Amino acid sequence: MKLTVLGNNGPYPSAGGACSGYLIQHGGKNILLDCGNGVLSNLQKVIRFEELDAIIITHLHSDHMSDMMVLRYAIQAKMKRGAMNHRIDVYASPEPQEEFKRLDINDAFNLKAITDDMVLNIGDITVTFSPMTHPFKSFAVCVSSGGKKFVFSGDTSWNKNIIEFSGGADVVMLDAGLLSADKKDDNVPHLTARECGIVAKESGAKKLILTHFFPEYDVEQLIAEARENFGNVTASELMKSYEI
Ligand SMILES: [Zn+2]
Ligand SMILES: [Zn+2]
Numbered sequence: 024m025k026l027t028v029l030g031n032n033g034p035y036p037s038a039g040g041a042c043s044g045y046l047i048q049h050g051g052k053n054i055l056l057d058c059g060n061g062v063l064s065n066l067q068k069v070i071r072f073e074e075l076d077a078i079i080i081t082h083l084h085s086d087h088m089s090d091m092m093v094l095r096y097a098i099q100a101k102m103k104r105g106a107m108n109h110r111i112d113v114y115a116s117p118e119p120q121e122e123f124k125r126l127d128i129n130d131a132f133n134l135k136a137i138t139d140d141m142v143l144n145i146g147d148i149t150v151t152f153s154p155m156t157h158p159f160k161s162f163a164v165c166v167s168s169g170g171k172k173f174v175f176s177g178d179t180s181w182n183k184n185i186i187e188f189s190g191g192a193d194v195v196m197l198d199a200g201l202l203s204a205d206k207k208d209d210n211v212p213h214l215t216a217r218e219c220g221i222v223a224k225e226s227g228a229k230k231l232i233l234t235h236f237f238p239e240y241d242v243e244q245l246i247a248e249a250r251e252n253f254g255n256v257t258a259s260e261l262m263k264s265y266e267i
């Protein structure tokens, strides 16, 4: 499987950056995980959007879904011109309801709500979900195929379920939205980089990719924190591809 980072900032992009978006490609299938602002532009540097087989929105904060609102125009315009004749399958967290309803655009998306026990089979790729801890209902996503396993946390604060869910993963990509110094109490929406290292270590993952970078942070500092617990760590790089 190939992972390409189309956006790795949150909750807003750095200059020239983009918010959450990751393309998974394997066996001729293309799956987009999250579609934050800037992602549609970057996606088209890699594939045409009509080549997407599925879009998965891990939760409904705008930094993870805002480009869906312009992707709808893109699909509708192409359909009108006869250049596209299918809707794109979209799997999204169902809450909050008013945000979910904004995605229910019948002539562009075939929308389904993610459930805890949902299993998607897309070509020979299997996708499963695990509920996480965040102000909006959010899911971690496991993408596996051919004995390879990739786990993306989505946005979450500390939740020990991510450890079991990531068990033995070839790559875990985790929300490193906080430096430990900025975690004043447990009431925070993101993992710290140190916690990311702990998750990677305790899950027996082979490699850790940090992501969801607050634009004000020095990424090297995040890496150093994660490395206290886990050696094989890197920071996601915009437009870079990773073999899983
Ligand atoms: Zn976010
Ligand atoms: Zn969020």
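Under this note's numbering, the sequence shown has 72 at position 49, and the numbering climbs by one with no breaks. We treat Cβ as the ideally placed atom computed from N, Cα and C, and that holds for glycine. Computed from a predicted structure; not experimentally measured.
Nearest neighbour of V174 by Cα position, chosen from F159, H157, T156 and F152, turns out to be F152. Distances between the C-beta of F159 and the heavy atoms of ligand 2 include at least one below 7 Å. H82 and S161 do touch by the CB rule: their CB atoms are close to 4 Å apart, below 8 Å.
Ranked by Cα distance from D147, the options K25, S168 and A258 are led by S168. The beta carbon of W181 is closer than 6 Å to those of E218 in its chain, skipping five residues each way along the sequence. With at least 16 other beta carbons inside 10 angstroms of its own, N31 counts as buried. One alpha carbon belongs to K25, the other to C42, and they sit about 19 Å apart. Closest by C-alpha distance to P34, out of L134, T149, K172 and H84, is H84. Residue pairing for P154: DSSP places it in a beta bridge opposite F162. Taking 8 Å as the cut-off, the beta carbon of A223 is found no closer than this to the beta carbon of A199. Every unbroken stretch of the beta strand (DSSP E) spanning 3 or more residues and falling wholly within the region 38-112 is given here in chain order: 44-49, 52-56 and 77-80. Ranking P212, F159, N210 and L233 by CA distance to the CA of V195 puts L233 first.
Pairwise C-beta distances place the region 113-122 out of contact with the region 96-104, as fewer than three of them are shorter than 8 Å. Ligand 1 approaches H84 closely enough that one of its heavy atoms is under 7 Å from the residue's Cβ. CA-to-CA, the gap between N184 and G170 works out to about 22 Å. In the same chain as D112, and ignoring 5 residues on each side of it, the C-beta atoms closer than 6 Å to its own belong to A77 and N133, in chain order.
Within the model, the alpha-carbon separation for K68 versus L29 is close to 9 Å. In this structure, DSSP gives I232 an extended state, which the three-state scheme calls strand. Between the alpha carbons of K230 and M155 lies a distance of about 21 Å.
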